[in-house]
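> Encoded as structure tokens, here's the structure I'll be asking about.
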Amino acid sequence: MEQQIKITELDYLRLSNLIGSAKKKKSFDLQNIEALAYEIKRAEKVDSKKISSEFVTMNSIVQVESLDTKKQMKVKIVYPKDADFSKGHVSVLSPLGSALLGYKLGDTVQFNAPRGIVSIKILAIDYQPEANGAYTM
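1 is the number of the first residue of the sequence shown in this note's numbering; add one for each residue after it.
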């Protein structure tokens with residue numbers, strides 16, 4: 001059974017628009033777009049002021065660990081225009097970005113990567129905009 005995920009209503013609206021635009025432009029991998037669309041559709045939508053700080057939202061900075069390699073990294077989940085992997089800014093339309101969105105601290109998440117299925121654990125959420133009073137970023 002899939003874990004229940006939560007996203008803010010504002011993230012849901014913005015991501016729904018992004019998905020629609022990305023499908024029209026065909027500028028992104030359709031598989032990644034469909035994966036994100038599936039995730040946000042099944043997610044519980046929560047008011048930005050009421051989402052718990054333990055959930056990954058857009059622009060959150062998250063520490064994760066690969067369960068296979070034990071390698072840890074810190075990533076920020078961003079919109080495609082702000083993606084820059086060298087800075088740790090991961091697009092929500094990437095397999096990693098869409099996999100993390102909506103999950104919470106301590107969750108183990110799986111996603112498809114070029115080398116196969118990858119399992120990662122959310123170790124910490126260093127920053128979540130909503131927890132810091134940023135509801136419209």
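Ideal Cβ placement from N, Cα and C applies to all residues, glycine included. Computed from a predicted structure; not experimentally measured.
Name the DSSP bridge partner or partners of residue 111?
In the DSSP output, where bridge partners are listed per residue, residue 111 has 118.
> Using only the alpha-carbon positions, how far apart do residue 45 and residue 115 sit?
Near 32 Å, if we compare the C-alpha coordinates of residue 115 and residue 45.
> Starting from residue 31, trace the beta strand (DSSP E) both ways and give me its first and last residue.
Not the beta strand (DSSP E): residue 31 falls in the alpha helix (DSSP H), residues 30-42.
> Which residues bound the alpha helix (DSSP H) around residue 25?
It spans 9-25 - the alpha helix (DSSP H) in which residue 25 sits, taken as one unbroken run.
> In three-state DSSP terms, what is residue 123?
Reduced to three states, the DSSP call for residue 123 is strand.
> Does the Cβ-Cβ distance between residue 98 and residue 110 come in under 7 Å?
No, the Cβ-Cβ distance between residue 98 and residue 110 is not below 7 Å.
> Could you check the C-alpha separation between residue 134 and residue 29 for me, to the nearest Å?
About 30 Å.
> Out of curiosity, what's the CA-to-CA distance linking residue 6 and residue 55?
Those two C-alpha atoms are separated by around 7 Å.
> Looking at C-beta atoms only, is the number of pairs between the stretch 32-44 and the stretch 5-24 that lie closer than 8 Å three or more?
With a cut-off of 8 Å, the stretch 5-24 and the stretch 32-44 count as touching, because enough Cβ pairs lie within range.
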